[in-house]
Amino acid sequence: MNDFTTLFIIALLISNSIQFYLAYRHGKFVDQHKNAVPDAFKDKVPLAAHQKAAAYTQAKLSLGKIDEVIGIVILLGITLGGGINWAFAYAASIITSPLWAGVAATAGIFFVMSLVDIPTSLYQTFVIEEKFGFNKSSIGQFIKDLVMQTLLGAVIGLPILALILWVMDNVGSTWWIWAWAIIMGFSLLMSWLYPTIIAPLFNKFTPMPEGTLKDRIQGLLARCGFNSQGIFIMDGSKRSGHGNAYFTGLGNNKRIVFFDNLVESLEDEELEAVLAHELGHFKCKHVIKMLISTSIMSLISLGVLGWLIDQDWFYTGLGVALEQKSHATALLLFMLVSSTFTFFMQPISAYFQRKFEFEADSFAAEHAQASKLISGLVKLYEENANTLTPDPLYSAFHYSHPPAAIRIAHLNAKS
Ligand SMILES: [Zn+2]
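The sequence shown begins at 6 in the working numbering and counts up one residue at a time.
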């Protein structure tokens, strides 16, 4: 225990109090507005759907609070409670190579953390999603997904972790620049491989059939000068009733993916407008901007870790005994604890994300019909039971998309 322990506990208390306060405000705001559909949506969204969205929001908020408490207990148990000391001492007693003992202890801690998440995830899927009619998954599917995710995490995560720890141990004081280059190269590779190798492990992707919708979409792509490796429909309905559309991949390996539920529920012109919005993210260079800002942030983070790694107080302050001081424990502590200190930057990144959403909406209004994006979005809000009345402070902190009313007003001005 030292001053850093105090600082850590204060940061943990403040960040979680803010989280709880925001969730409380959001719940109260949604509740106060549940008996009337906001004016902008009056003739589009029925009151019953508006109230369903309110109840769904409350249910998710309650689970979120429990999840947060569990997260705090686990984090404190692993750090100040001595979990890391125990795991690294145990790994060193059965594995002779210090590198692999570090990999095993780190992986073991992440594995335990993911086990702890299972009950919440089960409750989310089979109680909340079920109750609101969104769950389409079975226990068998759930277990299969869990096993696949764990195996994939091990196959991809363990070699990269071992490589980074090796670099930390062998390259000297500039290790963090090398580690950064490895992480960046690796994440670019993963983004490139994701659409063709990883996503198909979990879902089936069928090329969009020939017809009026495909013609319409290809017309839009041609108008915007966009190259892609194809337009696919994904069987999202095998797990959930929530619909979505996204772009994935990099360079010439880009794919456009529509969830099957979305294709079912939106008209062709609405789908075209939704896709025009997604294209806007590419054409306005949001993807590149995000990539650059993430890479700058990770370089800074690794630079900070490069300094922390030599400070004894960093280890002892977070409950790690000096005999367990190693590059592996430093890296693990950093991964576990940094979000407690960077939490306060969340509204800044959320602000930029919302700015990008407005830009993509403007792009969509130019290249497709704004009125169709509006009607498509209203259907999506209703079908996904997204609240139309979020608390302003909560949404400023958490929302990556502008709140419904503000977004629609912006689009209305463009149409
Ligand atoms: Zn967007």
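Think of the CB as a built atom: it goes at the ideal place given N, C-alpha and C, for glycine as much as any other residue.
For the pair Leu68 and Ile133, the CB atoms are nearer than the 8 angstroms cut-off. Ile89 sits close to Val325, with the two beta carbons spaced by under 8 angstroms. Relative to the Cα of Tyr251, the nearest Cα in the group Ala335, Val152, Arg244 and Phe263 belongs to Phe263.
Residue state for Ser245 is assigned as strand, using DSSP reduced to three classes.
Counting C-beta atoms within 10 angstroms of its own C-beta, Ala58 has 16 or more neighbours from the protein chains shown and is therefore classed as buried. Exclusion of His415 from the 7 angstroms shell around ligand 1 follows from its C-beta lying no nearer than that to any non-hydrogen atom of the ligand. Residues of the same chain with a CB within less than 8 angstroms of the CB of Ile222, apart from the 5 flanking positions on each side, are Met213, Ile236, Ile261, Leu276, Glu277 and Leu280 in chain order. Looking at the backbone, the Cα of His55 and that of Leu18 are separated by about 34 angstroms. Excluding sequence positions up to five before and after Gly87, its CB lies within less than 7 angstroms of the CB of Gly324, all in the same chain and listed in chain order.
At least one heavy atom of ligand 1 lies less than 7 angstroms from the C-beta of Ala365. Spanning the alpha carbons of Lys419 and Ala369 requires a straight line of approximately 10 angstroms.
Per DSSP, Thr345 is one residue of the alpha helix (DSSP H) stretching across His332 to Thr347. Contact check for Phe9 and Gly322: beta-carbon distance about 3 angstroms, within the 8 angstroms limit, so the pair qualifies. Taken atom to atom, the span from the alpha-carbon of Thr394 to that of Gly32 is near 10 angstroms.
For Tyr251, the enclosing beta strand (DSSP E) has its first and last residue at Ala250 to Thr253. If only complete runs of 3 or more residues are kept, the stretch 152-177 shows no beta strand (DSSP E) anywhere. The straight-line gap separating the alpha-carbon atoms of Ser376 and Asp48 is approximately 15 angstroms.
Residue environment analysis places Tyr356 among the exposed positions, since fewer than 16 neighbouring C-beta atoms fall within 10 angstroms of its C-beta. Under the three-state reduction of DSSP, Val279 is assigned to helix. Bounds of any beta strand (DSSP E) do not take in Ile202, whose DSSP letter is neither H nor E. Shortest Cα-Cα distance from Gly230 to any of Trp180, Cys289 and Gly216 involves Cys289. With a cutoff of 8 angstroms on beta-carbon distance, Asn266 and Gly285 are scored as not near each other.
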